[in-house]
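What follows is a single structure, written as structure tokens, with notes after it.
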Amino acid sequence: MPTAYRLMKYLALTLLSLATCVHAQDSVVLAKMGEIELRPQEIRETISGLNAEQRAAIAKDPAVLGQYVRALLVQRVVLKEAAAQQLDQDPAVIAKLVRAREMALSECFLEKVSDPGPNYPNDSELSDAYEIAKPKLIVAKSYHLAHIYIANDKAKLDSALKLLKEKNADFTSIAKKMSDESSSAAKGGEIGWLTLEQIQPEIREVLPKLNLGEVSSPITVKDGWHLMKVLDIREPFTPTLDQIRPTLTARLRADRAQQKRQDYLAQLVKDHPVAINEIGLNQLTPKP
Numbered sequence: 014m015p016t017a018y019r020l021m022k023y024l025a026l027t028l029l030s031l032a033t034c035v036h037a038q039d040s041v042v043l044a045k046m047g048e049i050e051l052r053p054q055e056i057r058e059t060i061s062g063l064n065a066e067q068r069a070a071i072a073k074d075p076a077v078l079g080q081y082v083r084a085l086l087v088q089r090v091v092l093k094e095a096a097a098q099q100l101d102q103d104p105a106v107i108a109k110l111v112r113a114r115e116m117a118l119s120e121c122f123l124e125k126v127s128d129p130g131p132n133y134p135n136d137s138e139l140s141d142a143y144e145i146a147k148p149k150l151i152v153a154k155s156y157h158l159a160h161i162y163i164a165n166d167k168a169k170l171d172s173a174l175k176l177l178k179e180k181n182a183d184f185t186s187i188a189k190k191m192s193d194e195s196s197s198a199a200k201g202g203e204i205g206w207l208t209l210e211q212i213q214p215e216i217r218e219v220l221p222k223l224n225l226g227e228v229s230s231p232i233t234v235k236d237g238w239h240l241m242k243v244l245d246i247r248e249p250f251t252p253t254l255d256q257i258r259p260t261l262t263a264r265l266r267a268d269r270a271q272q273k274r275q276d277y278l279a280q281l282v283k284d285h286p287v288a289i290n291e292i293g294l295n296q297l298t299p300k301p
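The numbering of the sequence shown is the working numbering, which starts it at 14 and goes up by one.
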């Protein structure tokens with residue numbers, strides 16, 4: 014993991030722990046942009062205002078919180094500039110703010126009435142949903158791959174092949190030195206896990222014939238050659254319920270919330286029938 018990313022994640026974790034700690038001193042400045050400062054209470058309010066999916070993203074990777082905080086700082090600076098120009102006193106802007114408040118308030122209410130409740134789904138409901146979804150959960154056979162990509166340079170390809178044939182040749186070092194695909198070259202040629210369907214046809218035909226750790230002969234593609242190495246193979250498998258529990262729970266809750274919202278709105282329209290004066294409405298329609 015790159016040092017810069019580790020540092021960013023450490024800082025984000027510190028930010029998250031300070032912001033969510035009940036006893037955090039609200040006088041502590043957690044983030045600053047020019048004269049704009051953010052303190053724990055403001056960060057807590059930001060977190061509480063996020064939806065469940067966004068909060069789950071922060072829980073999975075605390076560095077995401079740093080992105081929200083940076084966006085909030087930029088927004089605060091923009092608001093300050095807008096206030097300095099008295100934009101909040103413009104009648105057109107006031108009208109937009111009223112509409113935005115109404116939309117936000119109605120959306121918050123719909124979220125409240127469509128909340129599936131803290132105990133949904135229970136273990137039985139999760140188990141039933143897992144069994145129904147099981148046939149679609151199968152993860153196809155996948156390959157953990159590394160490669161050396163040479164872009165239309167036959168002399169360079171020959172040099173790479175010569176290095177690979179040397180005794181105790183180190184594929185990782187050669188990939189870093191020779192590969193023309195910079196992102197994977199930085200990782201010693203490692204691409205990651207891919208299924209056959211995710212791999213271009215020319216390479217797909219070769220992979221099943223390679224043994225673990227074996228390097229392929231040059232595979233010709235339209236813009237060069239690939240030297241493929243199979244680092245590992247994962248046979249098709251079905252994830253267990255425990256492995257997908259958080260994802261399945263989130264999906265079931267989202268589906269239940271959506272259904273409750275639709276049911277509420279349908280009942281609302283039934284209880285309060287809509288009547289529209291089409292003639293009067295047409296008179297307000299802007300002319301082309």
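Ideal Cβ placement from N, Cα and C applies to all residues, glycine included.
Residue i vs residue j beta-carbon contact at 7 Å
{"i": "L170", "j": "I163", "result": "yes"}
{"i": "H160", "j": "M241", "result": "yes"}
{"i": "L177", "j": "V228", "result": "yes"}
{"i": "L100", "j": "V91", "result": "no"}
{"i": "I145", "j": "P249", "result": "no"}
{"i": "V234", "j": "E203", "result": "no"}
Among the options, the one whose alpha carbon lies nearest that of residue i
{"i": "D255", "options": "V111, L51, S127 and K147", "result": "K147"}
{"i": "P131", "options": "N290, K283, A270 and D284", "result": "A270"}
{"i": "V87", "options": "P104, L100, A44 and D128", "result": "A44"}
{"i": "K167", "options": "G237, V126, Q213 and Y143", "result": "G237"}
{"i": "S127", "options": "Q213, Q272 and P299", "result": "Q272"}
{"i": "L78", "options": "S155, R89 and L63", "result": "L63"}
{"i": "D183", "options": "D136, I151 and G226", "result": "G226"}
{"i": "A198", "options": "S140, I187 and D268", "result": "I187"}
{"i": "L85", "options": "D103, P104, T59 and D193", "result": "T59"}
{"i": "A263", "options": "L123, N224 and P134", "result": "P134"}
{"i": "D193", "options": "I212, N165 and Q213", "result": "N165"}
Inter-residue CB distance, residue i and residue j (contact presumed, cutoff 8 Å)
{"i": "G201", "j": "K189", "result": "6 Å"}
{"i": "E210", "j": "A117", "result": "So it is not a contact: roughly 42 Å between Cβ atoms."}
{"i": "E66", "j": "L265", "result": "Not a contact, Cβ separation roughly 13 Å."}
{"i": "I49", "j": "R89", "result": "5 Å"}
{"i": "H239", "j": "I246", "result": "About 18 Å; that fails the 8 Å criterion."}
{"i": "S155", "j": "L207", "result": "6 Å"}
For residue j and residue i, the rounded distance between their alpha carbons
{"i": "K180", "j": "P75", "result": "45 Å"}
{"i": "E218", "j": "Q275", "result": "48 Å"}
{"i": "A244", "j": "P221", "result": "The sequence as given places Leu at residue 244; Ala does not occur at that position. Those two C-alpha atoms are separated by around 13 Å."}
{"i": "P129", "j": "G47", "result": "42 Å"}
{"i": "R52", "j": "S40", "result": "6 Å"}
{"i": "Q98", "j": "R114", "result": "22 Å"}
{"i": "A267", "j": "R258", "result": "14 Å"}
{"i": "I289", "j": "N295", "result": "11 Å"}
{"i": "T185", "j": "A69", "result": "36 Å"}
{"i": "T251", "j": "K149", "result": "9 Å"}
{"i": "D141", "j": "P286", "result": "38 Å"}
{"i": "Q80", "j": "I292", "result": "50 Å"}
{"i": "Y277", "j": "D136", "result": "26 Å"}
{"i": "Q54", "j": "Q280", "result": "39 Å"}
{"i": "P367", "j": "L297", "result": "Examination of residue 367 is not possible in this model, given that the chain is present from 14 through 301 alone."}
{"i": "K300", "j": "K93", "result": "38 Å"}
{"i": "A37", "j": "Y143", "result": "Low per-residue confidence applies at A37: pLDDT is 48, beneath 50, and the placement is therefore not dependable enough to give any value."}
{"i": "Q102", "j": "R112", "result": "15 Å"}
{"i": "S119", "j": "A72", "result": "27 Å"}
{"i": "V42", "j": "S61", "result": "19 Å"}
{"i": "I212", "j": "E124", "result": "41 Å"}
{"i": "K283", "j": "A108", "result": "30 Å"}
Contained beta strand (DSSP E) runs [length at least 3] in the region 127–178, N- to C-terminal order: 155–163
With a floor of 4 residues, list each alpha helix (DSSP H) that falls wholly inside the region 239–291, ordered by position along the chain. 254–284
Contiguous beta strand (DSSP E) assignments of at least 3 residues, all confined to the region 43–111: 44–46 and 49–51
Counting only runs of 3+ residues fully inside the region 174–225, write out the beta strand (DSSP E) ranges in chain order. 203–208
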